[in-house]
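Engineer: These protein sequences, in sequence, are chains A and B.
If you use the numbering used here, the first sequence corresponds to residues 54 to 164, in order.
If you use the numbering used here, the second sequence corresponds to residues 540 to 652, in order.
Quick one: structure below, then a few questions.
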Amino acid sequence: MRARRGIGFWAAILHRLSGLALVLFLPMHFLLLATALRGEAALDGWLRLADMPLVKVAEWGLVVLLSLHLLLGLRLLILEFLPWSGLRHGWIWGGVAASLALGAVFIGQVA
Amino acid sequence: MMERPIEARLFAIQRVTALVLAPLVLVHLGLILWAVEGGLTAAEILGRTRGSLVWTAFYGVFVFAAATHGAIGLRNILVEWARMARPAAAKISLGVASILLVLGLRAVWAVFA
């Protein structure tokens, strides 16, 4: 059986890849925070990396991916557990739009 | 696939951890957008978390749920996409869960203590 490559297929791919990216990012996130064990200045030193434009872009990507993973995941939970009918394709577009909007707010905050 | 009891259990754990994570991620995203204005500083972060049992409990639960959820998700990718044998995928994902748990709890402790 072959899944038809509609919007639901791409939502599943996006959900999975965003989850994978988040898992790969988490150890770095944790290691950076743990530099606080060596004092506030040590953490601050690493936080200055966030001034680099490339790091800001990466952070923007992570915010958008986290939001996407959350909203696409909520759609799956709705499909599986709520007695509502339909495939909730509107959720996918809404999730993408909301995540991009969140990303835009992030850019506005760091720019 | 679902005739294997372990698959059904992992499926259930993945949903339960997702339900736990959803509100935590929502708060985390809100905090990121609010806190990132004007750049992050250690003083700002530690001012919030040092000695705070509420944030420590919040992030402690977050780490447990994320480590579990991420490891099960990774296992699914290894089995379904990388065609890895289940025992090997289980070993890798258990290792990843342990790493995320140790590093995560260490980070929570670092910003609390």
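Where is the CB? At the ideal position from N, CA and C, for every residue including glycine.
Because the structure is a prediction, the values reported are computed rather than measured.
(1) To the nearest angstrom, how far is it from the Cα of B:L554 to the Cα of A:L123?
(2) Using the beta-carbon count (16 or more within 10 Å), is A:L79 buried or exposed?
(3) Output, in chain order, the set of chain B residues within a Cβ distance shorter than 7 angstroms of A:G126.
(4) Using the Cβ count rule (16 or more neighbours within 10 Å means buried), how would you classify A:W63?
(5) Run through DSSP, which three-state label would B:E576 get?
(6) Measure the C-alpha to C-alpha separation of A:A157 and A:L115 and round it to an integer number of angstroms.
(7) Would you call the region 581-589 of chain B and the region 630-646 of chain B in contact, with 3 or more CB pairs under 8 angstroms?
(8) Closer than 7 angstroms by C-beta to B:W594: which residues in its own chain qualify, once you throw out the five before and the five after it? Chain order, please.
(9) How about A:L77 and A:V117: are their beta carbons less than 8 angstroms apart?
(10) Kindly say whether B:I654, judged by its beta-carbon, lies nearer than 8 angstroms to any beta-carbon of chain A.
(11) For B:I616, would you say it is in contact with chain A, using Cβ-to-Cβ distances shorter than 8 angstroms as the test?
(12) What's the call for A:G143, buried or exposed, on a 16-neighbour Cβ count within 10 Å?
(13) Hey, B:Y598 and B:V559: beta-carbon distance below 8 angstroms or not?
(14) What does A:S120 reach in chain B if we use C-beta pairs closer than 7 angstroms?
(15) Of all Cβ atoms in chain B, is any one closer than 8 angstroms to the Cβ of A:L132?
(16) Just to confirm, is the Cβ distance from A:L140 to A:G61 under 8 angstroms?
(17) Scan the region 76-87 of chain A for residues whose Cβ lies nearer than 9 angstroms to a Cβ of chain B and list them as they occur along the chain.
Structural biologist: The relevant details are as follows:
(1) Within the second sequence, numbered from 1, the residue matching residue 554 of chain B stands at position 15. Within the first sequence, numbered from 1, the residue matching residue 123 of chain A stands at position 70. For the sequence presented, residue 554 of chain B should be read as Arg rather than Leu. Near 12 angstroms, if we compare the C-alpha coordinates of A:L123 and B:R554.
(2) Sequence index remark: in the first sequence, residue 79 of chain A carries index 26 (1-based). Result: buried.
(3) Numbered from 1 along the first sequence, position 73 holds the residue referred to as residue 126 of chain A. Here the neighbours are A557.
(4) The residue given as residue 63 of chain A occupies position 10 in the first sequence. Exposed: under 16 other Cβ atoms inside 10 Å.
(5) Within the second sequence, numbered from 1, the residue matching residue 576 of chain B stands at position 37. Here B:E576 sits in coil by DSSP.
(6) Position 104 of the first sequence, counted from the first residue, corresponds to residue 157 of chain A. Position 62 of the first sequence, counted from the first residue, corresponds to residue 115 of chain A. So the two alpha carbons sit approximately 13 angstroms from each other.
(7) no
(8) Taking the first residue of the second sequence as 1, we reach residue 594 of chain B at position 55. Closer than 7 angstroms at Cβ, skipping near neighbours: R587, T588.
(9) To locate residue 77 of chain A, count along the first sequence from 1; it is residue 24. To locate residue 117 of chain A, count along the first sequence from 1; it is residue 64. Taking 8 angstroms as the Cβ cut-off, A:L77 and A:V117 do not qualify as a contacting pair.
(10) What is shown of chain B runs 540 to 652, which leaves residue 654 of chain B out entirely.
(11) Position 77 of the second sequence, counted from the first residue, corresponds to residue 616 of chain B. Chain A contact via Cβ: present.
(12) The sequence position of residue 143 of chain A within the first sequence is 90, counting from 1. Counting Cβ neighbours within 10 Å, A:G143 comes out exposed, since fewer than 16 surround it.
(13) Position 59 of the second sequence, counting from 1, holds the residue named residue 598 of chain B. Position 20 of the second sequence, counting from 1, holds the residue named residue 559 of chain B. Cβ distance not < 8 angstroms, so B:Y598 and B:V559 don't count as in contact.
(14) Here residue 120 of chain A corresponds to residue number 67 of the first sequence, with the count starting at 1. Simply L568.
(15) As a working note, residue 132 of chain A is residue 79 in the first sequence. Judged by the 8 angstroms Cβ criterion, A:L132 is not in contact with chain B.
(16) Within the first sequence, numbered from 1, the residue matching residue 140 of chain A stands at position 87. Within the first sequence, numbered from 1, the residue matching residue 61 of chain A stands at position 8. A contact, by the Cβ cut-off of 8 angstroms.
(17) V76, L79, P80, H82, F83, L84, L85, L86, A87
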